[in-house]
Amino acid sequence: MALETDKQNPREAKKLGGKFQRHDSLYGDAERVSGTGYHGSEDNWARTLHLAFQCIGVIYGDIGTSPLYVYESTFTSGINNVDDLYGVLSLILYSMILLPMIKYVFIVLYANDNGDGGTFALYSLISRYAKVSLIPNQQADDAMVSNYSLETVSAPMKRAQWTKKMLESSKVAKLVIFLLTVLGTSMVISDGVLTPAISVISAVSGLQQKAPHLKQDQMVWISVAILVVLFAVQRFGTDKVGYSFAPIILLWFLFIGGIGIYNLIKYDIGVLRAFYPKYIIDYFKTNGKDAWISLGGILLCFTGTEAMFADLGHFNIRSIQLSFSFILFPSVSLAYIGQAAFLRKHPEHVFDTFYKSIPGPLFWPTFIIAVSAAIIASQAMISGSFAIISQSQTLGCFPRVKVLHTSKLYEGQVYIPEVNFVLGFLCVIVTLGFKTTTNIGNAYGICVTSVMVITTILLVVVMVLIWRVSIWLIIPFCLVFGSIELVYLSSVLYKFKQGGYLPIVAATILVTIMGVWHYVHVKKYWYELEHIVTNKDMGELIQAHDVKRTPGVGFLYTELVQGVPPIFPHLIEKIPFVHSILVFVSIKHLPIPHVEVAERFRFRKVESRTSKMFRCVARYGYSDRIEGAKEFAASLIEGLQSYIEEGHFMTNIQETEAETTSITESNTRTRKASSSTVYIEEALRPSETTDLTQPRISSYSGHSSGRISEDQSRTIAEEKQCIQSELQKGVVYILGETEIQAGPNSSFFKKIVVNYMYSFLRKNFRQGEKAFAIPRQQVLKVGMVYEI
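Numbered by UniProt numbering, the letters in the sequence shown go through residues 1 to 788 in order.
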């Protein structure tokens with residue numbers, strides 16, 4: 001049969017041309033999902049406008065509160081020449097237009113992964129078009145799966161084909177893309193520390209305008225108190241206050257925009273000449289190196305830009321384009337213009353520009369809204385850090401942590417207690433250590449520009465491989481946006497000793513953790529893949545150890561999506577008993593955001609049709625929530641019963657088709673149809689797209705078909721009743737407690753990584769039963785050592 005490769009010994013057919021071959025149809029079928037709509041796919045204008053209002057409070061808190069500290073961070077030594085304000089304002093305006101607006105709002109947002117955005121979404125999008133994943137769980141027909149790939153690479157596009165082959169054949173290229181993704185993710189997580197610190201301390205500093213006796217240290221402690229409360233309430237989830245943020249941020253935009261117009265008219269309307277880009281050139285000619293250094297403060301005007309892309313999953317492209325173009329950009333631009341006009345007359349107030357430029361009667365309302373907006377900006381980045389770490393964990397790039405879903409409506413809203421504590425602790429330390437927005441801004445700028453550069457690199461890959469854009473459009477894109485971002489990055493790196501070291505140190509630690517964990521995760525997968533137990537091996541194993549069946553249902557967890565893991569024969573050798581119903585469960589995360597519940601499970605029988613042993617792949621997207629143990633078991637058993645019913649029905653159709661073909665062709669049989677060799681796998685050849693969740697309707701009729709239906713209905717009922725009966729006797733979750741060690745011939749560096757670093761992470765993060773919310777009294781752990 002075409003799909004009998006499951007019976008082949010993996011050590012005999014393991015490699016062909018240096019690549020591991022798939023063993024059975026479940027390997028490929030586990031990837032199949034149907035097309036589904038996503039949040040960003042709806043093009044209803046009423047809904048788009050509603051989303052445009054909502055996203056104001058979710059993704060613009062950070063970039064919208066930048067007017068609190070940009071001029072202070074730019075003119076760190078004061079304003080020596082008021083004409084410099086023209087150049088600085090021009091840089092701010094054109095940086096806002098080029099990077100957040102043109103690059104992100106009108107280009108990057110379209111590089112989404114079925115509606116989801118962010119660094120990991122770009123990585124998953126690329127990994128579906130080219131096999132860049134370091135884990136060997138992909139196959140050639142990935143590109144044919146609906147909602148898994150947009151379209152196959154067109155043959156005439158030689159550049160796209162060359163890029164695809166290069167990425168798939170080069171281990172270095174795969175590693176570079178992975179490291180860029182992890183580095184970008186680490187920088188965004190660092191933002192979760194720096195955004196609350198700089199936003200809150202900037203907003204609170206306004207108190208000194210009304211209470212000049214308060215000193216900077218006292219301002220810092222007030223900020224720390226607010227931060228402690230902010231991180232303490234994270235456990236309640238953003239959904240509790242959710243979109244009530246939008247009116248506050250909208251009010252903030254109205255205030256700063258209105259105050260900007262007031263200052264422009266009152267002080268110097270002539271600052272509008274900053275729209276003439278010549279002033280940028282004049283600024284650099286006049287100030288030279290000092291102008292280049294000041295870019296580290298100017299770039300703070302577009303902090304939070306990445307949030308527009310990362311939070312795309314809750315909105316749609318059009319809603320962000322509308323809200324940015326007609327709400328955020330006009331109001332924030334007016335705020336910067338008004339402050340420049342104010343500083344033209346009062347350059348001595350550059351270190352408290354925002355609050356000094358507020359008209360007296362509006363001070364307290366603006367202060368209250370400023371503090372609220374700073375908290376909202378912090379909330380967005382903290383929640384974003386939780387979501388990114390959750391995605392990293394599902395893709396095998398982060399140790400297990402406790403992920404709590406705080407919203408029934410929005411799956412992306414999660415809370416991670418351990419991470420929340422670490423972020424809060426580091427944020428307090430940064431606030432107490434740096435004290436001023438200038439020093440924090442030096443660290444903040446590196447995070448912002450680094451993520452932008454990484455996004456540009458990954459987007460170029462998307463342009464070449466997926467969009468297949470003309471090279472004459474890609475080159476200008478790289479030259480314009482890449483050069484601007486690199487210049488900004490060079491400026492903040494110059495201030496490495498003044499705080500710039502902080503995100504680099506933090507990112508180094510995070511990249512090390514994620515890199516070590518993923519490295520061993522990949523090695524472990526390869527070890528199990530090379531030692532899988534096939535159906536033939538299973539039969540011999542069970543006979544050799546005279547395996548007995550014990551009442552109940554057993555779920556043996558494994559990461560493999562093909563074959564039976566080596567932990568099973570190890571278990572049988574020690575305890576020659578298995579449950580009456582045994583299911584090998586593999587939790588697989590596909591490189592897509594969501595998988596429909598109806599398509600969650602894929603089953604296959606193990607060893608024989610009467611063994612009552614099954615393999616199951618439970619497919620999840622990287623944004624999907626894994627259910628609790630009871631809910632998961634109930635869904636799996638329901639899916640298993642459906643599989644049994646549909647499996648018998650499809651096998652009957654195969655037999656009926658064979659019988660009809662035999663009669664039609666004068667008893668010349670064209671294929672074997674004995675019960676010992678007809679498996680449900682045969683009904684799903686690689687070239688077919690039959691969905692196991694949709695029963696096939698036979699076109700044959702007559703007493704033969706009816707007789708088979710009656711016989712099989714009785715068998716189906718008996719099997720389903722058996723499963724239900726065993727389920728009532730109890731469920732046991734069997735987890736492999738594998739200890740990973742470097743092989744005796746491994747290098748010294750590998751032994752350090754595997755035996756010490758990975759071992760430390762594994763022992764100090766959550767164990768398997770906690771990650772899957774499995775009751776302890778139902779867990780059976782099987783210990784085994786893997787030498788990789």
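Backbone N, C-alpha and C define an ideal beta-carbon position, used for all residues, glycine too.
Every value quoted in this text rests on a predicted model; they were computed, and no experiment measured them.
| request: Sort out for me which residues DSSP pairs residue 588 with in a bridge. | output: 619
| message | Quick check for students: name the residue ranges of the alpha helix (DSSP H) that lie wholly in the region 490-537, counting only runs of 4 or more. | response | 501-530
| task | Taking all protein chains shown into account, decide if residue 562 is buried (16 or more other Cβ within 10 angstroms of its Cβ) or exposed. | result | Buried is the call here.
| query | According to the Cβ coordinates, are residue 195 and residue 378 closer than 7 angstroms? | reply | yes
| request: Pick helix, strand or coil for residue 100, following the three-state DSSP scheme. | output: In this structure, DSSP gives residue 100 a helical state, which the three-state scheme calls helix.
| What does a CB cutoff of less than 7 angstroms around residue 329 pick up in its chain, not counting 5 residues either side in sequence? | 96, 101
| Opposite residue 741 in the DSSP bridges: which residues? | Bridge partners of residue 741: 787.
| request: Name the residue from 543, 722, 614, 451 whose alpha carbon lies nearest to the alpha carbon of residue 551. | output: 722
| Neighbourhood of residue 73 by C-beta, 7 angstroms cutoff - its chain only, sequence neighbours within 5 removed | 297, 300, 437, 438, 441
| message | Quick check on this structure: which residue in 158, 318, 130, 488 has the alpha carbon closest to the alpha carbon of residue 302? | response | Nearest option by C-alpha distance: 488.
| query | Where does residue 816 fall in DSSP's three states? | reply | In this structure the chain extends from 1 to 788, so residue 816 is not present and cannot be described.
| Burial state of residue 172 (16 or more Cβ within 10 Å) | exposed
| request: Establish whether the CB of residue 338 and some CB of chain C are separated by less than 7 angstroms. | output: Although the question refers to chain C, the structure presented lacks it and comprises just one protein chain.
| message | Given this structure, state the Cα-to-Cα distance separating residue 159 from residue 168, to the nearest angstrom. | response | Going from the Cα of residue 159 to the Cα of residue 168 covers about 14 angstroms.
| said: Buried or exposed for residue 384, going by 16 or more other Cβ atoms inside 10 Å? | reply: buried
| said: What residue range does the beta strand (DSSP E) around residue 550 cover? | reply: 548-558
| field | CB-CB length for residue 547 against residue 579, believed under 8 angstroms | value | The Cβ separation is near 11 angstroms, so there is no contact.
| Is it right to say residue 40 is buried, meaning 16 or more other beta carbons lie within 10 angstroms of its own, or is it exposed? | Because residue 40 sits at a pLDDT of 43, beneath the cut-off of 50, its placement in the model cannot be relied upon, and the point is left open.
| request: Would you tell me roughly how many angstroms separate the C-alpha atoms of residue 450 and residue 187, rounded to the nearest one? | output: Their Cα atoms are separated by approximately 7 angstroms.
| query | Who are the Cβ neighbours of residue 163 in its own chain at under 6 angstroms, not counting the five residues just before and after it? | reply | 464, 465
| request: Please go through the same chain and pick out, in chain order, the residues whose beta-carbon is closer than 7 angstroms to the beta-carbon of residue 386, but skip the five residues on each side of it. | output: 414, 415, 416, 419
| Between which two residues does the beta strand (DSSP E) containing residue 604 stretch? | 601-605
| Are residue 211 and residue 264 close, meaning C-beta to C-beta below 7 angstroms? | no
| query | Are the beta-carbon atoms belonging to residue 111 and residue 448 less than 7 angstroms from one another? | reply | Contact: no.
| query | By Cβ distance below 6 angstroms, which residues in the same chain neighbour residue 117 in space, the five residues on each side in sequence not counted? | reply | 309, 310, 312
| said: Rounding to the nearest angstrom, what Cα-Cα distance links residue 834 and residue 751 in this structure? | reply: As shown, the chain starts at 1 and ends at 788. That puts residue 834 outside it, with no answer to give.
| field | Per-residue burial, residue 688 [other beta carbons within 10 Å of its own, 16 or more giving buried] | value | With a pLDDT of 34 at residue 688, under the threshold of 50, the modelled position of this residue cannot be trusted; read the value that follows with caution. Exposed, because fewer than 16 other Cβ atoms sit within 10 Å of the Cβ of residue 688.
| task | Kindly indicate the opening and closing residues of the alpha helix (DSSP H) around residue 764. | result | 759-764
| request: Give a yes or no on whether the C-beta atoms belonging to residue 789 and residue 91 are separated by under 7 angstroms. | output: In the structure as shown, the chain starts at 1 and stops at 788, and residue 789 therefore has no counterpart that could be examined.
| query | Hey, would you say residue 581 sits closer than 7 angstroms to residue 726, going by beta carbons? | reply | yes
| request: Take the Cβ of residue 288 as the centre, count every other Cβ of all protein chains shown within 10 Å, and call the residue buried at 16 or more, exposed below. | output: exposed
| Residues that DSSP places opposite residue 486 in a beta bridge | Paired residues: none, contrary to the question.
| message | Could you give the first and the last residue of the continuous alpha helix (DSSP H) run that contains residue 344? | response | It spans 329-345 - the alpha helix (DSSP H) in which residue 344 sits, taken as one unbroken run.
| Coarse secondary structure for residue 276, derived from DSSP in three states | coil
| Under 7 angstroms between C-beta atoms of residue 499 and residue 492 | no
| query | Can you tell which of 637, 103, 276, 221 has its C-alpha closest to the C-alpha of residue 479? | reply | 103 is the residue among 637, 103, 276, 221 whose C-alpha sits nearest the C-alpha of residue 479.
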